[in-house]
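These notes concern the structure reproduced below.
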Amino acid sequence: MNPAAIGGGFNPNIPNAARMYDYFLGGKDNLPVDREAAQQVLRYVPEVPIGIRENRGFLQRAVRYLAGQGIRQFLDIGAGLPTQRNVHQVAAEYAPGARTVYVDNDLQVLAHARALLQDSPLVLVAEGDLRRPEEIMRDPDIRRHLDFDQPIAVLLLAIVHFIPDSDDPKGIIARIRDSLVPGSHIALSHVVIDERPQAAPGVERVYQSASAPFVARMSDQVTPFFDGLELADPGVVNLHEWRPDIHHFTPRLEQVGAYFLCGVGRVPERPSGS
Ligand SMILES: C[S@@+](CC[C@H](N)C(=O)[O-])C[C@H]1O[C@@H](n2cnc3c(N)ncnc32)[C@H](O)[C@@H]1O
Numbered sequence: 019m020n021p022a023a024i025g026g027g028f029n030p031n032i033p034n035a036a037r038m039y040d041y042f043l044g045g046k047d048n049l050p051v052d053r054e055a056a057q058q059v060l061r062y063v064p065e066v067p068i069g070i071r072e073n074r075g076f077l078q079r080a081v082r083y084l085a086g087q088g089i090r091q092f093l094d095i096g097a098g099l100p101t102q103r104n105v106h107q108v109a110a111e112y113a114p115g116a117r118t119v120y121v122d123n124d125l126q127v128l129a130h131a132r133a134l135l136q137d138s139p140l141v142l143v144a145e146g147d148l149r150r151p152e153e154i155m156r157d158p159d160i161r162r163h164l165d166f167d168q169p170i171a172v173l174l175l176a177i178v179h180f181i182p183d184s185d186d187p188k189g190i191i192a193r194i195r196d197s198l199v200p201g202s203h204i205a206l207s208h209v210v211i212d213e214r215p216q217a218a219p220g221v222e223r224v225y226q227s228a229s230a231p232f233v234a235r236m237s238d239q240v241t242p243f244f245d246g247l248e249l250a251d252p253g254v255v256n257l258h259e260w261r262p263d264i265h266h267f268t269p270r271l272e273q274v275g276a277y278f279l280c281g282v283g284r285v286p287e288r289p290s291g292s
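With the sequence shown counted from 1, adding 18 to any position gets you our numbering.
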């Protein structure tokens, strides 16, 4: 992969992970190059659009749950292109007055998000890269918008599978966890390849030429990302199994094994003296 292709600005010639996601969701903010790459992914894993819709469902249930836990501040890293029922809109329903920061490293995402999401003083869109979490946590604009002395929910949804092992995703998440006060939460979702290991090399190859590299991981490589957090019930499970709404039924997913894991964990109290 061309390192210059990671994140960065608008380039109509390389597939863009955010625009491919938009295409899978049925959106219109994508280009021929994205649709071609997405079609290649679909040849390997036809269920991707179902999984992605489930991921958006998890986002909404997680924000609702977090609001119920008293969370009034959301930091959504890898926010993606605006779509329906974005974090601050769900938060406004269940926690009026909640403040949201959307972070992404893709300049096109940031431009769209500033135009469509930054519609109230409660919302801030900021450039940042998950591979450098300290820069996000220390960003003066973000710190003016969020009070880091109060609990914050950090959302890492469908982003950590774009962080290669060489960037130490487990360490990144631990550093974020340790920079938050107890009572804060981290919500995370991550594609897993347990059921389709044979498709993984093909999907990784498609994303090699894209704006972010997809990293295929098995469940047992993803569950350690939640280490050091107090997991909310039901723990780390498939998207459709996480606190499903009463009418939630996804027939094509009911029988499959692990395909896209998620969970929400609370930052615990620290032993006194630490
Ligand atoms: C698949 S989208 C997920 C959007 C949203 N979080 C969701 O779950 O619906 C992944 C987003 O992560 C962003 N991204 C990828 N690598 C990133 C990084 N290292 N730092 C910040 N954003 C990144 C991409 O630009 C893209 O907008």
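The beta carbon of each residue, even a glycine, is placed where N, CA and C say it ideally should be.
- Considering H266, what are the terminal residues of the alpha helix (DSSP H) in which it resides? It is not in any alpha helix (DSSP H) - H266 carries neither H nor E in the DSSP assignment.
- Given a threshold of 16 other Cβ atoms within 10 Å of its Cβ, counted over all protein chains shown, does Q126 qualify as buried or as exposed? buried
- Item | For V121, three-class secondary structure by DSSP | strand
- Query: Given P21, which residues of its chain have a CB within under 6 Å of its CB, disregarding the five upstream and five downstream residues?
  - Reply: In this prediction, P21 scores a pLDDT of 41, lower than 50, which makes its location untrustworthy; the coordinate-derived value is nonetheless stated afterwards. Closer than 6 Å at the Cβ level, and outside the excluded window around P21, lies no residue.
- Message: Applying the 10 Å Cβ sphere with the 16-neighbour rule, what's the burial state of Q156?
- Response: Here the sequence assigns Arg to residue 156, which means Gln is not the residue at that position. By the neighbour-count rule (16 or more Cβ atoms within 10 Å), R156 is not buried but exposed.
- Coil, strand or helix - D52 by DSSP: helix
- Item | Coarse secondary structure for A22, derived from DSSP in three states | In this prediction, A22 scores a pLDDT of 39, lower than 50, which makes its location untrustworthy; the coordinate-derived value is nonetheless stated afterwards. If DSSP states are grouped into helix, strand and coil, A22 belongs with the helices.
- Query: What are the boundary residues of the beta strand (DSSP E) that includes L84?
  - Reply: Run containing L84: none in the beta strand (DSSP E); it sits in the alpha helix (DSSP H), 66 to 86.
- Task: Go through its chain and collect everything with a Cβ distance to I191's Cβ below 6 Å, but skip five positions before and after it.
- Result: If we look at I191 and ignore the five residues flanking it on each side, its Cβ neighbours are F243.
- Please report how far the alpha carbon of L128 lies from the alpha carbon of G253, in whole angstroms. 32 Å
- Query: When DSSP labels each residue in this structure, what does V285 get in the three-state scheme?
  - Reply: coil
- Under 8 Å between the Cβ atoms of A110 and F92? no
- Task: Please report how far the alpha carbon of F166 lies from the alpha carbon of I154, in whole angstroms.
- Result: 12 Å
- Query: Given 8 Å as the limit, is there contact between the region 254 to 267 and the region 181 to 190, that is, 3 or more CB pairs closer than that?
  - Reply: no
- Task: Would you kindly check if the distance between the Cβ of D122 and the Cβ of G96 is under 8 Å?
- Result: Cβ atoms of G96 and D122: closer than 8 Å.
- Message: Within 8 Å, do at least three Cβ pairs link the region 231 to 247 to the region 202 to 212?
- Response: Touching, yes, given that three or more Cβ pairs across the two stretches are closer than 8 Å.
- Buried or exposed by the 16-neighbour rule on C-beta atoms within 10 Å, applied to L84: buried
- Once you ignore the five residues that flank Y225 on each side, which residues in its own chain have a CB closer than 6 Å to its CB? P231, F232
- Task: Assign S202 to one of three DSSP states: helix, strand, or coil.
- Result: Here S202 carries a coil assignment [DSSP, helix/strand/coil].
- Item | Best match in A228, P289, E222, L247 for proximity to R235 [C-alpha to C-alpha] | E222
- Pull up the DSSP beta-bridge partners for D94, would you. Y120, L173
- Task: Can you give me the start and stop residues for the alpha helix (DSSP H) that V141 sits inside?
- Result: Taken as a continuous stretch (DSSP letters only), V141 belongs to no alpha helix (DSSP H), being part of the beta strand (DSSP E) at 141 to 145.
- DSSP state of V224, grouped into three classes? helix
- Query: Can the beta-carbon of V108 be found closer than 8 Å to that of Q136?
  - Reply: No. Outside cutoff.
- Just to check, is the beta-carbon of N29 closer than 7 Å to a non-hydrogen atom of ligand 1? no
- Cβ neighbours of M19 in the same chain (closer than 6 Å, five flanking residues each side left out): Summary for M19: the model assigns pLDDT 39, below 50, so the residue's position carries little reliability; its value from the coordinates is reported in the next sentence. Cβ contact annotation for M19 (same chain, cutoff 6 Å, sequence separation greater than five): Q226, P231, in chain order.
- Taking the DSSP output, what are the residues bridged to L279? H208, N256
- Task: Label N73 either buried or exposed according to how many other C-beta atoms from any shown protein chain fall within 10 Å of its C-beta, with 16 as the threshold for buried.
- Result: buried
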